[in-house]
């Protein structure tokens, strides 16, 4: 036991993963409390409407990043020259501010023309959340995961506290919830920014690099992030469309949203490992090192499969004993969502070996294929099977992505002495 503890303490990746996962697990737990509160107090139709608005808010952060967050982490993790790093960091923050101001202008213009207050608020939620996420990339690049672990739960701590307060004063409504979300996001932005200044360093705005520099690195990452941003919400948008055209019942969106939200904690854990591994894998060059990394990913199946089964059993019991008949129709959707999450976990972490110069084109092509498959799946399956059609489409997309990654890895890596 002592030797195991000693190994963990001396293994930076394991230690970083532990820090970030513990933080994200706590954050996910808080979000689950928030979600349970909504699902309990709201009708299924109200919760379905909220899920659509939340998906709309989640659409905005991409336009504040344009693939820059991930590419910045990947391409600056190797930099040892502090001046060169600060030059990239200055460009990173300048780009972020410009993109955020453009996005703010578009959101205000949308409100002036459309005039829907709730949509205006959720778009601001997306903007504030997207900019706050920017603070994590420099920390991840410098492998300061203690900062990342510290700031991850802040938003959800604030969200739960504010929502409970509002629900105590007034009855639950979609307007109350989105206002709570915006208040939590704004406070989170302020606190995360202050902690960044104290723990990571001052903001760098000075850079001799042109704006095109980061985008030259991010061409294919941009394609990937753009399409996956759409793909992550394609089911909820498609369900909403087919509800408005009268082809499926409004409850179908609520059943899908309920199942997807209750499974939310699982991708939180799996995505945490991806974020920790990205700067580590970006520094690997030799094929031997990359093969060793892939073998470790494969061995994790012994742990991930039992965790997924235990998670399914827990969710099954929660729905049966807590929500009872309200979300019973969500139960058949859980196996597909959990399996899709597990497949994504392996697909995403294997694909990290392509986040390097000359290799990122594959990531973009993979996203294009997955998006086309997802679009066809939603159009054909949702009108026939409703929420079940949405999760089947979701699973098919993940399987296609996994097959593409395995095929490319076998072709590009095995049998070659060097990968770079």
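Residue numbers (this note's numbering): 938 to 1357. For glycine and all other residues, C-beta sits at the position ideal for the given N, C-alpha and C. None of the values given here were measured: they were computed from a predicted structure.
For residue i versus residue j, is the C-beta distance shorter than 8 angstroms?
i            : j            : result
residue 1103 : residue 1121 : no
residue 1125 : residue 1091 : yes
residue 1099 : residue 983  : no
residue 1333 : residue 1314 : yes
residue 1009 : residue 964  : no
residue 1047 : residue 1028 : no
residue 1307 : residue 1157 : no
residue 1232 : residue 1282 : no
residue 1113 : residue 967  : no
Rounded to the nearest angstrom, what separates residue i and residue j at their Cα positions?
i            : j            : result
residue 959  : residue 1064 : 26 angstroms
residue 1037 : residue 1030 : 10 angstroms
residue 1051 : residue 1044 : 10 angstroms
residue 1115 : residue 1317 : 32 angstroms
residue 1362 : residue 1149 : The structure shown does not extend to residue 1362, since the chain spans only 938 to 1357, so no value can be given for it.
residue 1228 : residue 993  : 39 angstroms
residue 1200 : residue 1322 : 20 angstroms
residue 981  : residue 974  : 13 angstroms
residue 890  : residue 1350 : The shown model of the chain, from 938 to 1357, leaves out residue 890, and the question about it has no answer.
residue 989  : residue 1145 : 42 angstroms
residue 1246 : residue 1025 : 44 angstroms
residue 1053 : residue 1256 : 34 angstroms
residue 1338 : residue 1300 : 10 angstroms
residue 1215 : residue 1234 : Note that residue 1215 scores 49 on pLDDT, short of 50, meaning its location in the model is unreliable; the coordinates nonetheless yield the value given after this. For residue 1215 and residue 1234, the distance between alpha carbons rounds to 13 angstroms.
residue 962  : residue 1244 : 14 angstroms
residue 1198 : residue 1251 : 14 angstroms
residue 1327 : residue 1253 : 20 angstroms
residue 1147 : residue 1127 : 29 angstroms
residue 1183 : residue 1039 : 36 angstroms
residue 1239 : residue 1249 : 17 angstroms
residue 1105 : residue 1331 : 37 angstroms
residue 1019 : residue 1035 : 24 angstroms
residue 1101 : residue 1236 : 42 angstroms
residue 979  : residue 1348 : 51 angstroms
Leaving out five residues before and five after residue i in sequence, what residues of the same chain have Cβ atoms less than 8 angstroms from its Cβ?
i            : result
residue 1324 : 1176, 1189, 1190, 1192, 1193, 1196, 1266, 1267, 1270
residue 1305 : 1160, 1164
residue 1107 : 1113
residue 1359 : Outside the modelled stretch of the chain, which goes from 938 to 1357, sits residue 1359, for which no answer is possible.
Can you name, in chain order, every residue of its own chain whose Cβ lies under 6 angstroms from the Cβ of residue i, other than the five neighbours on each side?
i            : result
residue 1071 : 1033
residue 1342 : 1284, 1287, 1288
residue 1129 : 1069, 1072, 1088
residue 1086 : 956, 957, 960
residue 1062 : 994, 1118, 1119, 1122
Might you give, ordered along the chain, the residues of its own chain that have their beta carbon closer than 7 angstroms to the beta carbon of residue i, omitting 5 neighbours on each side?
i            : result
residue 1179 : 1185, 1319, 1320
residue 1058 : 1115, 1116, 1119
residue 1042 : none
residue 1336 : 1280
residue 1340 : none
residue 1187 : 982, 985, 1180
residue 1262 : none
Pick from the options: whose alpha carbon is nearest that of residue i?
i            : options                : result
residue 935  : 1330, 1288, 1328       : For residue 935 there is no data in the structure shown, the boundaries of the chain being 938 and 1357.
residue 1272 : 1262, 962, 1241, 1329  : 1329
residue 997  : 1067, 1290, 1310, 1264 : 1067
residue 1132 : 1084, 1158, 1248       : 1084
residue 1000 : 1167, 1097, 991, 1147  : 1167
residue 972  : 1239, 1347, 1097, 1105 : 1097
residue 1055 : 991, 1251, 967         : 991
residue 1181 : 1170, 986, 1239        : 986
residue 1311 : 1170, 1262, 1250, 1254 : 1170
residue 1296 : 1346, 976, 1106        : 1346
residue 1023 : 1234, 1143, 968, 1340  : 1143
residue 1021 : 1107, 1141, 1237       : 1141
residue 977  : 1107, 1331, 1264       : 1264
When the cut-off is 8 angstroms and only beta carbons count, does residue i lie next to chain D?
i            : result
residue 1159 : Chain labels in this structure do not include chain D; a single protein chain is all it has.
TODO: Check whether the segment 1160-1177 touches the segment 999-1013, taking contact to mean three or more Cβ pairs, one atom from each stretch, closer than 8 angstroms.
DONE: Because the criterion of three Cβ pairs below 8 angstroms is met, the segment 1160-1177 and the segment 999-1013 touch.
- [ ] Kindly confirm or deny that the segment 1276-1292 and the segment 1127-1139 touch, where touching means at least three C-beta pairs closer than 8 angstroms.
- [x] Touching, no.
Task: the segment 1073-1084 touching the segment 1009-1026, judged by at least three CB pairs closer than 8 angstroms - done: They touch, by the three-pair rule.
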